[in-house]
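Per our numbering, the very first residue in the sequence shown carries number 15; after that it's consecutive. Don't be surprised by glycine CBs; every beta carbon is placed ideally from N, CA and C. The structure under discussion appears below in the form of structure tokens.
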Amino acid sequence: MKLPLSVYYITLNEEERLPESLEKVKDWADEIIVVDSGSTDRTCELAVAAGARVVYREWEGFASQKAYAASLCANDWVLDLDADEVLSDTLVRNIKQLFSKPISPDIAGYRMRWVLSSPNPRHPFRHDKSKKILRLYNRKQAAIHAEKHSNDDRPRVHTGSVLELKGDVLHRTLISLEQMERKYIQLSSEQARFLYEKGRRISTPRLMVEFPLKFLKYYLIHRQVLNGWFGFSVSVVAANRNFMRLAKARELQMLEGISRCGGKER
15 MKLPLSVYYI
25 TLNEEERLPE
35 SLEKVKDWAD
45 EIIVVDSGST
55 DRTCELAVAA
65 GARVVYREWE
75 GFASQKAYAA
85 SLCANDWVLD
95 LDADEVLSDT
105 LVRNIKQLFS
115 KPISPDIAGY
125 RMRWVLSSPN
135 PRHPFRHDKS
145 KKILRLYNRK
155 QAAIHAEKHS
165 NDDRPRVHTG
175 SVLELKGDVL
185 HRTLISLEQM
195 ERKYIQLSSE
205 QARFLYEKGR
215 RISTPRLMVE
225 FPLKFLKYYL
235 IHRQVLNGWF
245 GFSVSVVAAN
255 RNFMRLAKAR
265 ELQMLEGISR
275 CGGKER
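The structure is reproduced here in structure tokens:
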């Protein structure tokens with residue numbers, strides 16, 4: 015029996031990870047929406063085979079893409095998933111039980127635990143800091159702010175309460191350090207563009223402390239120290255993403271200033 019729930023994804027070349035995520039929802043979700051930004055692999059083909067509706071949209075940033083995907087959903091209740099996220103069996107059971115009876119109109123959504131899931135039991139990438147995320151919500155009571163180039167893709171609740179649902183969203187984030195680095199190059203460029211367009215000034219002191227502070231955050235607070243040499247490497251790559259978003263934003267500001275000076279001289 016299908017639940018009155020829409021599941022939505024945003025994708026780009028996710029043939030390797032998307033099928034496992036779709037497998038967990040395709041039998042009970044009333045609708046699956048996939049907004050793709052130009053995959054050249056089998057992502058769209060695999061999504062259609064799983065019963066999803068696939069729509070192309072040029073990439074405008076995580077927040078804008080997800081808000082658009084949510085707007086295409088037919089149901090008020092939606093589940094926001096990334097291609098590298100897989101629902102645990104416990105979470106699936108609790109979602110089904112939740113929708114077995116009417117949900118109170120006072121409830122805007124449900125948080126669930128988001129945990130790292132290692133790509134292989136023998137892989138050293140095992141430990142990370144878990145967190146609670148709002149991914150199941152009523153579109154009438156919560157929404158993602160669709161701002162171009164923004165990576166703030168969290169739903170904002172405007173009315174109602176948020177409860178917790180037991181079970182995990184397993185984050186299969188890692189394929190390789192190379193894949194992680196490529197993703198972070200894209201992210202840092204988008205975040206830099208967002209900061210630049212917002213007119214955020216990046217000071218030299220802030221730029222100089224960003225990398226070491228973020229490295230310590232990932233290495234110690236996020237417990238990457240427990241993942242040995244690989245955790246050290248992940249912390250370096252992640253901290254560099256944070257540093258480069260500021261450096262690129264500062265560069266855009268610098269180039270704009272040079273352009274203005276050049277214009278005046280001419």
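Taking the beta strand (DSSP E) that Ala43 belongs to, which residues open and close that run?
Ala43 to Asp50
Once you ignore the five residues that flank Glu195 on each side, which residues in its own chain have a CB closer than 8 Å to its CB?
Val251
Output needed for Glu270: all residues of its chain with C-beta closer than 7 Å, excluding positions within five of it in sequence on either side, in chain order.
none
What separation, rounded to the nearest whole angstrom, lies between the Cα atoms of Ala8 and Leu105?
What is shown of the chain runs 15 to 280, which leaves residue 8 out entirely.
Below 7 Å CB to CB, which residues in the same chain sit around Tyr151 once its five sequence neighbours on both sides are set aside?
If we look at Tyr151 and ignore the five residues flanking it on each side, its Cβ neighbours are Val92, Ala122, Gly123 and Pro169.
Terminal residues of the continuous beta strand (DSSP E) containing Arg153?
Premise fails: Arg153 is in no beta strand (DSSP E) and is neither H nor E.
Helix or strand or just coil, what does DSSP make of Met15?
Reduced to three states, the DSSP call for Met15 is coil.
Who are Gly123's beta bridge partners in DSSP?
Residue pairing for Gly123: DSSP places it in a beta bridge opposite Tyr151 and Val176.
Please specify which runs of the beta strand (DSSP E), each continuous and at least 3 residues long, are wholly inside the stretch 169 to 257, giving them in chain order.
175 to 185
Could you have a look at Ser132 and say whether DSSP puts it in helix, strand or coil?
coil
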